[in-house]
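Chemist: Provided herewith is a single structure, encoded as structure tokens, for subsequent inquiry.
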Amino acid sequence: MLFFRAHYTQAFFIFNQKGEVLISRLYRTDLKRSIADVFRIQVVSNSDVRSPIITLGSTSFFHVRINNLYVVAVTKCNANAALVFEFCYRFISIAKSYFGKVDEEAVKNNFVLIYELIDEIIDFGYPQNSETDTLKTYITTESIVSSSIAAEESSKITTQATGATNWRRGDVKYKKNEAFVDVVETVNLSMSAKGTVLRADVDGHIQMRAYLSGTPECKFGLNDKLVIDKSERGGGDAVELDDCRFHQCVRLDEFDSTRTISFVPPDGEFELMRYRSTSNIKLPLRVIPTVNEIGTTAVSYVITVKTNFNNKLSATNVVVRIPTPLNTTNVDCKVPIGKAKYVPAENVVVWKIPRIQGGQEVTFQGQASLTSTTHRQVWARPPIDVDFQVLMFTSSGLIVRFLKVFEKSNYHSVKWVRYLTKASGSYQIRPNQSHVRLAAPTVMRRQRTTARDATHAQKDERPGVPPTLAA
């Protein structure tokens, strides 16, 4: 995997939390070793710095914090910031794959290995190769390698570095060949108090775990009616993706023509595809809230949760967060399933439901008691927030039609496909706005009005004026 080839990094550092340089590598002559002192003074010693990018003159410092370390890339060119950070995070990921946790102790114990990795990953400031599998073929944690093994490894390096599948070794072997595909979607919803959908979209990704021997060719197909380009409408039942991004192993030309994903997978777990959809979104749960303010003393709640999928499926780990006014003292809750509890520190009622079956409907009923205040403030009515998980369901409608594995040894492989739709902090429904007036305040107003009228009547009872005329 290559990064920002059009730009380059001129220096790479790793600092500890005291500002001491643990790893240092300069790639250009226009920077001196003293540039590390600039970062230590301006960033490490300055607690007010919050931005991960700081530019001093023509020099930019990009840093990533991990545990008690600063991973820093320095450049004087107008580099793409996203790509520079991608490189920093990629380096951290590679380091974790070699020696686990990345902290000061690990860096000091493995500084020789880290310098080897840096020299292989970056050449004259240009990132060249950051694939973990490729690096592990010719960078090992052992300091001494026999000549026979070195010769064998050398031949592997030549094939690996120049081959078309540099993300996978060719000598992978498993007793049981398996492939797991997880289609995971996060659904985001914002619904108005009138039940109008203000925003509904899906962020999805296809995660794959490939435990396959040799160099297999994998193919799997998605929906027949799959639309990537918005200009090509596929009808109401089509799955429309606004954009999608693939792992580098996917042959994009074949996907564009047949909508079939063909690839030689990396060994182990990787993200095959990431996508986003904003059309024809199927909402797994429908929430119908009714919230009534009873004068200034109480608020009543009737919250109904309905499932929008068949009864063979179920929603699990459902958590409904119902906001309450700031002056709430207690909430009386009644639920047919799960448990509901008022959390004063967060001003919410948390209703936890372990499982809701498809086609089921459950209702929360409660009444919040309020304390009297001298200055009544208008309640902002925050939205109701719902978290959940639904297995074997996709809100976008994306499905895997088939999954095939081809390998020259023609071995048998087991394939698994799983779907998961979830929401966490982004599935929000605003409650209605209705008020119920108490009778007591009305009576008091009438009494005040009567007293005011009596006062005016006394003033109008002037001498010599008949009461009928005064009225």
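Following numbering that gives the first Met the number 0, the numbering of the sequence shown begins with 0 at its first residue and continues without gaps.
Virtual Cβ for every residue (Gly too), placed ideally from N, Cα, C.
Quick one: complete beta strand (DSSP E) runs, 3+ long, within the stretch 367 to 404?
Modeler: 383 to 390
Chemist: In chain order, which alpha helix (DSSP H) runs of at least 4 residues are fully inside the stretch 26 to 72?
Modeler: If we require 4 residues or more, the alpha helix (DSSP H) runs fully inside the stretch 26 to 72 come out as 34 to 38.
Chemist: Compare the C-alpha of Asp202 against each of Thr277, Ser256, Met190 and name the closest.
Modeler: For Asp202, the closest C-alpha among the options Thr277, Ser256, Met190 is that of Thr277.
Chemist: Taking 7 Å as the limit between beta carbons, can you name the residues of its chain near Ser299, skipping five residues before and five after?
Modeler: Spatial neighbours of Ser299 in its own chain (CB-CB distance under 7 Å, excluding positions within 5 residues in sequence) are listed in chain order as Asn291, Ile293, Gln366.
Chemist: Would you mind working out which of Gly99, Ser408, Arg417 sits nearest Phe392, comparing C-alpha positions?
Modeler: Arg417
Chemist: Which of the three DSSP states is assigned to Lys155 in this structure?
Modeler: In this prediction, Lys155 has a pLDDT of 46, which is less than 50 and means its spatial position is unreliable; what the coordinates show is noted afterwards. In this structure, Lys155 counts as helix in the three-state DSSP scheme.
Chemist: Give me the Cβ distance between Cys248 and Ile227, rounded to the nearest whole Å; I'm assuming they're in contact under 8 Å.
Modeler: Contact between Cys248 and Ile227 is ruled out by a C-beta separation of about 19 Å, above the 8 Å threshold.
Chemist: How far does the beta strand (DSSP E) with Leu134 in it reach, from first residue to last?
Modeler: Under the DSSP assignment, Leu134 falls outside any beta strand (DSSP E), being part of the alpha helix (DSSP H) whose first and last residues are 131 to 137.
Chemist: In terms of alpha-carbon separation, which member of Gly194, Gly267, Leu221, Ile205 lies closest to Leu211?
Modeler: Gly267
Chemist: How long is the line joining the alpha carbons of Asp47 and Ile352, rounded to whole angstroms?
Modeler: 43 Å
Chemist: For a test of the three-state rule: what should DSSP assign to Tyr88, helix, strand or coil?
Modeler: helix
Chemist: Give the DSSP-derived three-state secondary structure of Ile117 in the structure shown.
Modeler: helix
Chemist: Evaluate Thr158 with the Cβ neighbour count: other Cβ atoms within 10 Å of its Cβ, from every protein chain shown; 16 or more gives buried, anything less gives exposed.
Modeler: Confidence at Thr158 is low in this model, with a pLDDT of 42, below 50, so its placement is unreliable and no value can be given for it.
Chemist: Pick from Arg250, Asp200, Glu216: whose alpha carbon is nearest that of Val238?
Modeler: Here the closest residue by C-alpha is Asp200.
Chemist: Answer yes or no: do Ile65 and Ile91 have a C-beta to C-beta separation smaller than 7 Å?
Modeler: yes
Chemist: Once DSSP output is grouped into helix, strand and coil, what is the label at Glu184?
Modeler: strand
Chemist: Taking 8 Å as the threshold, find out whether the stretch 402 to 417 comes into contact with the stretch 251 to 258 through three or more Cβ pairs.
Modeler: no
Chemist: DSSP three-state call for Val83: helix, strand or coil?
Modeler: Looking at Val83 - three-state DSSP - the assignment turns out to be helix.
Chemist: Assign Ile93 to one of three DSSP states: helix, strand, or coil.
Modeler: helix
Chemist: What is the rounded straight-line gap between the Cα of Ala10 and the Cα of Ser96?
Modeler: 23 Å
Chemist: Pick out whichever of Gly396, Asn45, Val301, Gly358 has its Cα sitting closest to the Cα of Lys17.
Modeler: Asn45
Chemist: Between which two residues does the beta strand (DSSP E) holding Leu251 run?
Modeler: Taken as a continuous stretch (DSSP letters only), Leu251 belongs to no beta strand (DSSP E), being part of the alpha helix (DSSP H) at 251 to 257.
Chemist: Near Phe489, which residues of its chain fall below 6 Å by C-beta distance, leaving aside the five closest residues on each side in sequence?
Modeler: The structure shown does not extend to residue 489, since the chain spans only 0 to 470, so no value can be given for it.
Chemist: Where does Ala105 sit, in a helix, a strand or coil, going by DSSP?
Modeler: helix
Chemist: Check whether the stretch 393 to 408 and the stretch 336 to 354 touch, using three or more Cβ-Cβ pairs below 8 Å as the test.
Modeler: no
Chemist: So what does DSSP say about Phe308, is it helix, strand or coil?
Modeler: coil
Chemist: In three-state terms, what does DSSP make of Phe123?
Modeler: coil
Chemist: Whole angstroms is fine: what's the gap from Thr8's alpha carbon to Val342's?
Modeler: Thr8 and Val342: Cα-Cα distance of roughly 50 Å.
Chemist: Taking the CB atoms as reference points, tell me whether Thr323 and Gln359 lie closer together than 7 Å.
Modeler: no
Chemist: List the residues that DSSP assigns as beta-bridge partners of Trp166.
Modeler: According to DSSP, Trp166 bridges with nothing at all.
Chemist: What is the C-beta distance between Phe476 and Phe60, in whole angstroms, given that I count them as a contact (C-beta under 8 Å)?
Modeler: Only positions 0 to 470 of the chain appear in the structure, and residue 476 is not among them; the question remains open.
Chemist: From the DSSP output, read off the bridge partner residues of Cys332.
Modeler: DSSP lists Gly365 as the bridge partner or partners of Cys332.
Chemist: Are Asn326 and Leu284 closer than 7 Å when you measure CB to CB?
Modeler: Against a cut-off of 7 Å, the Cβ pair of Leu284 and Asn326 comes out as no contact.
Chemist: Do Val389 and Val319 have their C-beta atoms within less than 7 Å of each other?
Modeler: no
Chemist: Am I right that Ser395 and Glu184 are in contact with their C-beta atoms under 8 Å? What's the rounded C-beta distance?
Modeler: 6 Å
Chemist: Confirm the yes/no value for this check: CB of Val101, any heavy atom of the ligand MN, distance under 6 Å.
Modeler: You won't find the ligand MN in this model; it holds no ligand whatsoever.
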